[in-house]
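Student:
Residue numbers (my numbering): 27 to 362.
#1: Going by beta-carbon coordinates alone, are residue 275 and residue 265 separated by less than 9 Å?
#2: Who are the Cβ neighbours of residue 66 in its own chain at under 7 Å, not counting the five residues just before and after it?
#3: Could you tell me whether the Cβ atoms of residue 272 and residue 318 are closer together than 9 Å?
#4: Within 9 Å (strictly less), CB to CB, does residue 318 reach chain D?
#5: Which residues in the same chain as residue 207 place their Cβ atom closer than 6 Å to its Cβ, once the five residues preceding and following it in sequence are excluded?
#6: What is the DSSP secondary structure of residue 97, reduced to helix, strand or coil?
#7: Give every residue of the same chain whose Cβ lies closer than 6 Å to the Cβ of residue 193, excluding the five residues on either side of it in the sequence, and list them in chain order.
#8: Using the C-alpha atoms, what's the distance from residue 151 back to residue 189?
#9: For the alpha helix (DSSP H) containing residue 128, name the first residue and the last one.
#10: If you check the beta carbons only, do residue 227 and residue 158 fall under 9 Å apart?
#11: What is the DSSP secondary structure of residue 226, counted as helix, strand or coil?
#12: Based on DSSP bridge pairs, tell me the residues matched to residue 345.
#13: Cβ atoms of residue 291 and residue 268: under 9 Å apart, would you say?
#14: Can you grab the Cα-Cα spacing for the pair residue 50 / residue 148, in whole Å?
#15: Ordered along the chain, which non-local residues of its own chain (more than five positions away) have a Cβ less than 7 Å from that of residue 332?
#16: How far does the beta strand (DSSP E) with residue 325 in it reach, from first residue to last?
#17: Measure from the alpha carbon of residue 36 to the alpha carbon of each residue in 61, 97, 330 and 308, then state which is nearest.
#18: So if DSSP puts residue 47 in a beta bridge, which residue, or which two residues, is it bridged to?
#19: For the segment 140-222, which segments carrying the beta strand (DSSP E) assignment without a break, of at least 3 residues, lie completely within its bounds, in sequence order?
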């Protein structure tokens with residue numbers, strides 16, 4: 027095999043471990059301190075934590091239900107994953123009604139959801155684009171465009187105003203007659219997510235939320251066919267730019283399984299591809315995000331995922347990035 031990176035693979039036991047050894051032909055080989063990296067395959071996160079305790083691994087992720095047990099030797103890093111409730115706006119679906127979509131955004135208590143589902147490890151999301159991505163002028167997108175279109179905690183009065191308007195438009199007198207199906211997978215985590223959302227929406231709006239629990243493969247098939255009303259999903263950016271989140275919702279995008287279509291949104295995204303002034307381009311992307319959320323309430327932002335890493339205190343120069351790879355050990359070192 028030919029390698030041009032700082033490490034080369036010298037052993038790979040499938041389902042067990044992978045050994046990466048220093049590449050002496052790397053252009054900056056003199057700066058590489060580690061001779062070898064062993065990447066272990068461990069199916070259960072709790073097992074990996076136990077291995078860290080025994081000194082068998084140096085770095086591992088703490089499952090969210092165990093976060094309170096670990097305060098020392100831990101660091102929190104954004105993974106880039108931005109989770110939200112995707113809404114099916116197809117004409118024959120209840121969420122084609124914009125006022126009902128707004129009601130969903132104001133009825134949810136994101137702070138409580140994050141606490142119950144993720145033990146407060148993740149951050150509450152109130153917008154679509156991860157604030158950490160790059161904007162113009164060496165600013166992050168969040169610094170350049172601070173934006174919270176929806177509250178962290180529910181605004182029930184506002185939610186009910188939108189619900190009342192939706193009920194009139196839909197010709198419904200009892201909110202319980204509005205039935206929305208929440209599609210989810212059959213894992214314990216997904217079931218918990220769905221039950222918290224169901225309880226909040228039924229309590230704060232009085233609508234009927236039914237949970238449809240299927241396998242992951244079935245979920246993807248139903249999403250693709252737009253045979254659902256709501257589903258919790260998310261996105262990890264391919265590069266550090268707002269466009270990576272916004273391009274999903276272009277009306278003819280292969281990833282757009284929501285039925286969302288807005289000509290002004292499409293034009294802003296298209297024009298941003300040829301705009302050469304960085305600041306003007308970022309302004310266009312922010313305008314698109316505002317249309318998507320403030321005008322159309324096209325999804326329900328939920329959370330920005332973070333991982334809590336347990337790290338051997340002897341390790342230095344350990345870095346994490348929210349695009350592509352999870353962590354960077356190129357210039358890392360470990361003291362004896």
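Positions of the beta carbon are idealized from the N, C-alpha and C atoms, including for glycine.
In this text the structure is predicted, and so the values were computed from the model without any measurement.
Tutor: Result, derived from the coordinates:
#1: Numbered from 1 along the chain shown, position 249 holds the residue referred to as residue 275. Numbered from 1 along the chain shown, position 239 holds the residue referred to as residue 265. Cβ distance not < 9 Å, so residue 275 and residue 265 don't count as in contact.
#2: Start at 1 with the first residue of the chain shown, and residue 66 comes out as number 40. Closer than 7 Å at the Cβ level, and outside the excluded window around residue 66, lie 43 and 83.
#3: Against the chain shown, residue 272 aligns to sequence position 246. Against the chain shown, residue 318 aligns to sequence position 292. With a cutoff of 9 Å on beta-carbon distance, residue 272 and residue 318 are scored as near each other.
#4: In summary, chain D is missing from the structure at hand, where a single protein chain is found.
#5: To locate residue 207, count along the chain shown from 1; it is residue 181. Sequence-distant Cβ neighbours of residue 207 in its own chain, meaning closer than 6 Å and more than five residues away, are 236, 238 and 255.
#6: For the purposes of this step, residue 97 is taken as the residue at position 71 of the chain shown. For residue 97, the secondary structure class from DSSP, reduced to helix, strand or coil, is coil.
#7: Numbered from its first residue, the chain shown carries residue 193 at position 167. Excluding positions up to five away in sequence, the list is empty.
#8: Numbered from 1 along the chain shown, position 163 holds the residue referred to as residue 189. Numbered from 1 along the chain shown, position 125 holds the residue referred to as residue 151. Cα to Cα, residue 189 sits roughly 22 Å from residue 151.
#9: Counted from its first residue, the chain shown places residue 128 at position 102. Here the alpha helix (DSSP H) through residue 128 covers 124-133.
#10: For the purposes of this step, residue 227 is taken as the residue at position 201 of the chain shown. For the purposes of this step, residue 158 is taken as the residue at position 132 of the chain shown. No.
#11: The sequence position of residue 226 within the chain shown is 200, counting from 1. Helix at residue 226.
#12: Walking along the chain shown from the start, residue 345 turns up at place 319. Residue pairing for residue 345: DSSP places it in a beta bridge opposite 354.
#13: Counted from its first residue, the chain shown places residue 268 at position 242. Counted from its first residue, the chain shown places residue 291 at position 265. No; because the gap between Cβ atoms is not below 9 Å, this pair is not in contact.
#14: The residue you call residue 50 lines up with position 24 of the chain shown. The residue you call residue 148 lines up with position 122 of the chain shown. As the crow flies, the alpha-carbon of residue 50 is around 40 Å from that of residue 148.
#15: Against the chain shown, residue 332 aligns to sequence position 306. Excluding sequence neighbours, residue 332 sits near 102, 103, 104, 105, 147, 148 and 149.
#16: Sequence index remark: in the chain shown, residue 325 carries index 299 (1-based). Annotation for residue 325: the continuous beta strand (DSSP E) segment containing it runs 325-337.
#17: As a working mapping, residue 36 is identified with position 10 in the chain shown. When only C-alpha atoms are compared, the closest one is 61.
#18: Against the chain shown, residue 47 aligns to sequence position 21. Among the bridge pairs identified by DSSP, residue 47 is matched with 34 and 62.
#19: 205-211, all fully within the segment 140-222.
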